[in-house]
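**Student:**
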Amino acid sequence: MLYEKTLSNIEEVKAREGILLALVTEGDTEVRKIAKHVIEIPATHDLLAPILEIVPLQLLAYHISVRRGCDVDQPRNLAKSVTVE
């Protein structure tokens, strides 16, 4: 049921001419038909999937930031605190 809702949302974004980048598990052919850009991750247990999903998304965010000229090592407005006991 959740998969069908997600497909419906993807189709709605495409209908509004949005840019789609889909993160899918290997063998998913439905999303590949709709999305222009697809990143595949290996199929795994549902509880382990977030670990495999976060790596490509973090790399994507890193490379986008570098291309935009952002300092990825010292982001602006980052609140830093040190707790001393």
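By my numbering, the letter at position 80 of the sequence shown is numbered 80, and the numbering carries on one by one without gaps.
Virtual Cβ for every residue (Gly too), placed ideally from N, Cα, C.
What first and last residue would you give for the beta strand (DSSP E) that runs through Ile39?
**Tutor:** Translated into the one-based positions of the sequence shown, residue 39 becomes position 39. Per DSSP, Ile39 belongs to the beta strand (DSSP E) from 37-41.
**Student:** Looking at the unbroken alpha helix (DSSP H) that takes in Val13, where does it start and where does it end?
**Tutor:** One-based indexing of the sequence shown puts residue 13 at position 13. It spans 2-15 - the alpha helix (DSSP H) in which Val13 sits, taken as one unbroken run.
**Student:** Does DSSP classify Val66 as helix, strand or coil?
**Tutor:** Start at 1 with the first residue of the sequence shown, and residue 66 comes out as number 66. Here Val66 sits in helix by DSSP.
**Student:** Would you call the region 61-72 and the region 43-51 in contact, with 3 or more CB pairs under 8 Å?
**Tutor:** Taking 8 Å as the limit for Cβ pairs, the verdict is that the region 43-51 does not touch the region 61-72.
**Student:** Which residue marks the beginning of the beta strand (DSSP E) containing Thr97, and which one marks its end?
**Tutor:** Here the chain comprises residues numbered 1 to 85, so residue 97 is not present and cannot be evaluated.
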